[in-house]
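Going line by line, the protein sequences match chains A and B.
Residue numbers are given in our numbering: position 46 of the first sequence equals residue 46, and the series is strictly consecutive.
Residue numbers are given in our numbering: position 381 of the second sequence equals residue 471, and the series is strictly consecutive.
Please read the structure below before turning to the comments.
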Amino acid sequence: MPSEFQFTFEGKPVAAREGQSVAAALIAAGERCLRVDEAGNAKGVVCGIGFCWECRCSIDGVPDIRACMTPARPGMIVRRQRGLDGCSDR
Amino acid sequence: MQRSIVIIGAGPAGMAAAIEAVRRGCRVTVIDEGPRPGGQIYRQPHPALHGEDFAEPSELARKHRLIDGFQAVIDRIDYRAEANVYAVFPNGEIHLAQGDRTEVLRPDAMIIATGVREQAIPFPGWTIPGVMFAGGAQSILKAQRVLPGRNVVVAGCGPLPRVVAAQILRAGGSVAALASLRSLRAMLRYPRSLWCGRDILREGLRYEWTVLRARVPQFTGYVPVRAIGGERLEAVALARIDAEDRIVSGSEREIACDLLAINYGFVANSELAAMTGAEMRRDPVIGGWVAVTDAFGRTSVPGVFVAGDSAGLRGALVAECDGTIVGAAAAVPSTAVDGAALKTNLAATMARRTRHLEFQQAVRATLRLPDGIWRIVTDDTLVCRCENVRFGEIREALESGHRSLNAIKRNVRSGMGWCGGRTCLHAIASLAEAATGQAPAEMMTPRPMARPVPFAAIARQKRAAAE
Chain A
1 MPSEFQFTFE GKPVAAREGQ SVAAALIAAG ERCLRVDEAG NAKGVVCGIG
51 FCWECRCSID GVPDIRACMT PARPGMIVRR QRGLDGCSDR
Chain B
91 MQRSIVIIGA GPAGMAAAIE AVRRGCRVTV IDEGPRPGGQ IYRQPHPALH
141 GEDFAEPSEL ARKHRLIDGF QAVIDRIDYR AEANVYAVFP NGEIHLAQGD
191 RTEVLRPDAM IIATGVREQA IPFPGWTIPG VMFAGGAQSI LKAQRVLPGR
241 NVVVAGCGPL PRVVAAQILR AGGSVAALAS LRSLRAMLRY PRSLWCGRDI
291 LREGLRYEWT VLRARVPQFT GYVPVRAIGG ERLEAVALAR IDAEDRIVSG
341 SEREIACDLL AINYGFVANS ELAAMTGAEM RRDPVIGGWV AVTDAFGRTS
391 VPGVFVAGDS AGLRGALVAE CDGTIVGAAA AVPSTAVDGA ALKTNLAATM
441 ARRTRHLEFQ QAVRATLRLP DGIWRIVTDD TLVCRCENVR FGEIREALES
491 GHRSLNAIKR NVRSGMGWCG GRTCLHAIAS LAEAATGQAP AEMMTPRPMA
541 RPVPFAAIAR QKRAAAE
């Protein structure tokens, strides 16, 4: 794996370093809203360690993946989940 | 025959327990959620992520000494990284998920060393992206080498918010405000504790100096009462809490920020201990419901031990001593635990544990929350973030006579979402206590699955041959 690479979030390129989580790379890129919940509330990274599940997003078509627990990989396609729509990506 | 021990968690307590149990000739399995050992407090960044730690050198020395000790015996351990225990049973069975499969273990003894998580007090707007737990923000900084915010407000009680503020400053961020529910001067009432904890205190003073030198605006007696923003945080309103624990009207100060990092102490990860059927007790200052344990970490269930913070918050130094003691106790038949030999053998560790525990007296004084603090939770405040349950609904359930967390859950769904109640249940217990004068008698019954696990992984289950 290259030590610096890119993945996409909502179609936009995001820079990441090897060993960084998706959440950390998104925060570094200035992204805060990672999901819009069923009630329409914007949600972001909260606990940072995996217990709150608030930062879950769609990664490479699989919904409900925690951004804070998932290492970033080159070319990953990360999408903001909206309500239960994330499920239709499968 | 060689005794088999399964240790859940590879933080300070779990690592120390593993080192001791291996030393005593046991067959040891360590199951940990993280990709590398260390737990939360001794979290290790990915080896490719070079950068600074912004921590005190003495802290880093402690961390590396223990991790090196663990690494020295890791070849003799069945070490399962990135694995989740999703159920334990009174018969000693441990169900874990790792990758795309699950497995059932049935050791002679299990040591639960699952640590703590952060405690929040919900308030209007706290679901806005940019409101984080302070330790979570710290983990982004220390394990990911990313500044969690450019212009940060840190708030809460106890030592952690102050440490996080200092580390953000050292990393080049700016801290717009540091709000503390109470001054750390409360610690001065415990001179003996401070003497016992003088090494940690010295580290704390260095962090304090970083904050002072940066001339961070400090708001003592203030708490965040409102987060402002839509898709991202724009500002936070702080308000003063008076001596009668009331929000002082007109004391609100709005401060622009892109990150609000909060910590109101910690909640024990005690769900697995409760699942074994172990007797539990509740003490909000040390993490809510914790297993009742003796000096050797034994619970009321034979063969089930708890070590470190998940048995009650006491910090990494006590946790490490705990791990050694509990690891030794789990390594011998229960009849030998009560014998004089083990006690003599562990005398030095027990003395060290007592000294570190003494310091916790002073720390606990800073973590005790006044009852009135729960007034920042308005009827409109989302308490259960997963299921979008507002406090008003919980209050109505309480007023209708639903006093247990199980009954509240059945009525309003709080605690039924993705996080399994780990983010809100402790707050709901305290809110119920503040509203009715009596805390719920029991925690919400923890059941499998303690973590979400795909059905496919359960279908691919491996059971160890009968031992």
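Every residue gets a Cβ at the ideal spot worked out from N, C-alpha and C, and that includes glycine.
Across which residues does DSSP place B/Tyr169 in a beta bridge pair? B/Tyr169 is bridged by DSSP to B/Val120.
Residue ranges of each beta strand (DSSP E) run of no fewer than 3 residues wholly in the stretch 358-399 of chain B, ordered along the chain? 370-373, 378-381 and 394-396
Rounded to whole angstroms, what's the CA-CA distance from B/Ala546 to B/Asn174? Just pull it up for me. In this structure, the CA atom of B/Ala546 is about 15 angstroms from the CA atom of B/Asn174.
Per the contact definition of three or more C-beta pairs closer than 8 angstroms, is the stretch 311-323 of chain B in contact with the stretch 204-224 of chain B? yes
Decide if A/Cys87 is buried, meaning its Cβ has at least 16 other Cβ atoms within 10 Å, or exposed. Note that A/Cys87 scores a pLDDT of 49, beneath 50, so its modelled location is shaky; the value from the coordinates is reported in the next line. Per the 10 Å Cβ criterion, exposed.
Against chain B, which members of the stretch 16-34 of chain A pass a CB distance test of less than 8 angstroms? Arg17, Glu18, Gly19, Gln20, Ser21, Ala23, Ala24, Ala25, Ile27, Ala28, Arg32, Cys33 and Leu34
By the criterion of Cβ-Cβ separation under 7 angstroms, what are the contact partners of A/Ala67 in chain B? Neighbours of A/Ala67 on chain B: none; closest Cβ ~11 angstroms, over 7 angstroms.
Of all the CB atoms in chain A, is at least one closer than 8 angstroms to the CB of B/Arg152? no
Under 6 angstroms Cβ to Cβ from B/Arg550, same chain only, skipping five residues before and after it: list those, please. Arg191
Short CB-CB distance (under 8 angstroms) between A/Ala46 and chain B: Note that residue 46 of chain A is Val in the sequence shown, not Ala. Yes, A/Val46 lies at the interface with chain B (some Cβ there is under 8 angstroms from its Cβ).
Kindly list the residues whose CB is nearer than 7 angstroms to the CB of B/Val96, restricted to its own chain and excluding five residues on each side of it in sequence; keep chain order. Thr119, Ile121, Ile184, Leu195, Pro197 and Met200
Answer with buried or exposed for B/Glu557, where buried requires no fewer than 16 other C-beta atoms within 10 angstroms of its C-beta. Reliability of the predicted coordinates at B/Glu557 is poor, the pLDDT of 47 falling under 50, and no value is obtained from them.
Could you please tell me which residues of the stretch 499-512 of chain B, in chain order, have their CB closer than 8 angstroms to any CB of chain A? Gly507, Trp508, Cys509 and Arg512
Kindly confirm or deny that the stretch 146-154 of chain B and the stretch 456-471 of chain B touch, where touching means at least three C-beta pairs closer than 8 angstroms. no
When the distance is taken between beta carbons, is B/Gln228 closer than 8 angstroms to B/Arg355? In the sequence as presented, Arg is not what sits at residue 355 of chain B; that position holds Gly. Cβ distance not < 8 angstroms, so B/Gly355 and B/Gln228 don't count as in contact.
Does DSSP classify B/Glu477 as helix, strand or coil? coil
Using only the alpha-carbon positions, how far apart do A/Arg90 and B/Gly527 sit? For A/Arg90, the pLDDT reaches just 41, beneath the cut-off of 50, and the residue's location in the model is therefore unreliable, leaving the point undetermined.
Using only the alpha-carbon positions, how far apart do B/Thr383 and B/Ile202 sit? A direct Cα-Cα distance of roughly 12 angstroms separates B/Thr383 from B/Ile202.
Output needed in chain order: residues of the stretch 221-232 of chain B with a Cβ under 9 angstroms from some Cβ in chain A. Val221, Met222, Phe223, Gly225, Gly226, Ala227, Gln228, Ser229 and Ile230
Starting from B/His185, follow its DSSP beta bridges and name the residues at the other end. B/Ala177 and B/Val194
CB contact flag (B/Gly225, B/Leu186, <8 angstroms): no
As a quick exercise: from A/Met76, A/Cys57 and A/Arg56, pick the residue whose alpha carbon is nearest that of A/Met1. A/Met76
Helix, strand or coil for A/Ala29? Go by DSSP, reduced to three states. coil
Can you tell me whether B/Met102 is buried or exposed, with buried defined as 16 or more other CB within 10 angstroms of its CB? The sequence as given places Pro at residue 102 of chain B; Met does not occur at that position. B/Pro102 should be labelled buried.
State yes or no: is the C-beta of B/Arg126 within less than 8 angstroms of the C-beta of B/Ala171? yes
Report yes if the CB atom of B/Leu350 is closer than 8 angstroms to the CB atom of B/Ala426, and no otherwise. Not in contact: B/Leu350 and B/Ala426 (Cβ atoms no closer than 8 angstroms).
Residues sharing a beta bridge with B/Gln161, DSSP: Partner(s): none; B/Gln161 has no beta bridge.
Ignore the nearest five residues each way along the sequence and tell me which others in B/Gln451's own chain have a CB closer than 6 angstroms to its CB. Excluding positions up to five away in sequence, the list reads Tyr280 and Ser283.
Determine the direct distance from the alpha carbon of B/Ala108 to that of B/Ser94, and round the result to whole angstroms. 11 angstroms
Would A/Leu84 be called buried (16 or more neighbouring beta carbons within 10 Å of its own) or exposed? exposed
Take the Cβ of B/His140 as the centre, count every other Cβ of all protein chains shown within 10 Å, and call the residue buried at 16 or more, exposed below. exposed
Once the 5 residues before and after B/Thr471 are set aside, which same chain residues still bring their CB inside 8 angstroms of it? Pro212, Phe213, Pro214, Trp216, Arg480 and Phe481
Once the 5 residues before and after B/Ala106 are set aside, which same chain residues still bring their CB inside 6 angstroms of it? Glu410, Gly413 and Thr414
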